[in-house]
Every structure is written in C-alpha cells, then in structure tokens.
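Residue numbers (my numbering): 4 to 203.
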C-alpha cells in the first residue's frame, strides 16, 4: 500500500519555480502471494494501472515474484533484480510517457538494485532495497547496501527506496541519506510508504 496524498516537495535552489520540473516517485510493498504465471501477470497489470492512475513517474515495487527477464506493461517498463520465482524481489518501474532515461542498472542481490535516472539534464541515483526474512539474505543485503551507499559520490543526489526499519536505522548512520521527514534541501531522500514530488 502507498499513500499518494502524502507528498514532500523538494526544491532545487538553482532553478526558479516557473522552470522547475516535477518527478513523482513512490515505494510500494505488495504482498507477493501470486505464484502461478497467470496470477503473476495479472498482478503486474494491476500494479501498472494503479501507478498510472496516480501519475507516478518512477516506482520501486517490493515483494513481487519475477519469472522472466523482461517485463513491460501498458504504462511502465520494469527493471528488476535476478528473476527467481521462489524469492520476493524488487523492481524499478519507469513510466513510458515520462522523459526519463534509466542507465547503469545493477542487480546487486535479489533484494538490492541501483540505477541512474536522467530527467531534464539532471542525474539522480536510485537505490531499491527489499529485506528478506531469511537471516542470511538479510545480512547480505545490509552489507551490500552499506557498501553501495559508501560508493556513491558525495555530490550525487540519491533516492533510497525501501519499506524496512532496518533501512531506517542504516540511513541514520549514513549521513549522505536523510530521512524524508527531515529533508530541507534536495540532496538525498529515504522513501518509506510515501509518494514524493521532486521539483527538478
């Protein structure tokens, strides 16, 4: 579930308001209960329609099972971690109507992905994270996420997507990433069950 009514507007001080462009992003954890191919494809279509209804440009969807290497629905192109129908995974969805270019996509683990998005001559680093209940995968995700955050340039703008208290704790340690409710300037933002409009 995500709440598209809760919005955080982050302004870039370089551009005056009339010239700012919006980027609407959301993180969303679905239940991941669909197992059969037809059920899973129906779930993809439902996710697509709901995100399109709310005019979401970029979404990070957690808790979905992926069976193939390529997914494209009516409104979104999907970029996701290694397909494994036995493991809940994470994906970035980019609205096909937006003028967003996604590059440098990397699947670190089943539950950790990263990419760069370009929009209106700005580059933003996306990091999507899903914590597994499996203790081994949980530890691997924590280590990999910490390393990934440290590898990103201090000058980079980061959006860290996730629905986990563990990510929240890690964010407090990583000064480069600031919790969304404490943000004042556009540098980095941690998204947890909120939709955000970015003025670029």
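Ideal Cβ placement from N, Cα and C applies to all residues, glycine included.
As the structure is a prediction and not an experimental result, all values here were calculated from the model.
Contact set for residue 101: own chain, Cβ-Cβ below 6 Å, skip 5 residues either direction: 60
Determine the closest residue to residue 131 out of 110, 75, 125, with distance taken between C-alpha atoms. Among 110, 75, 125, the Cα nearest to that of residue 131 belongs to 110.
Sequence-distant residues of the same chain with beta carbon closer than 7 Å to residue 50, five excluded per side: 33, 64
Integer-rounded CB distance, given that residue 103 should sit under 8 Å from residue 121: 7 Å
Quick one, which of 129, 84, 164, 99 has its alpha-carbon nearest residue 113's? The shortest C-alpha separation from residue 113 is found at 84.
What residues match up with residue 121 in a beta bridge as DSSP calls it? 104, 126
Close Cβ partners of residue 107 (< 7 Å) along its chain, the five nearest in sequence each way excluded: 118, 119
So, at 6 Å on beta carbons, what are the nonlocal neighbours of residue 159 in its own chain, with the 5 sequence-adjacent residues on each side left out? 128
Buried or exposed (CB count within 10 angstroms, at least 16 for buried), residue 27: buried
Applying the 10 Å Cβ sphere with the 16-neighbour rule, what's the burial state of residue 75? It is exposed - the Cβ of residue 75 has fewer than 16 other Cβ atoms within 10 Å.
Using only the heavy atoms of the ligand FMN, determine whether one of them is closer than 7 Å to the beta carbon of residue 65. For the structure depicted, the ligand FMN is absent and the ligand set is empty, with no information on it obtainable.
Just to confirm before moving on: does the CB-CB distance between residue 144 and residue 115 stay below 8 Å? yes
Taking the beta strand (DSSP E) that residue 159 falls in, what are its first and last residues? Looking at the DSSP string, residue 159 is not in any beta strand (DSSP E), and its letter there is neither H nor E.
Under a Cβ-count criterion, where at least 16 other Cβ atoms within 10 Å of its own Cβ denotes burial, should residue 146 be classed as buried or exposed? Per the 10 Å Cβ criterion, exposed.
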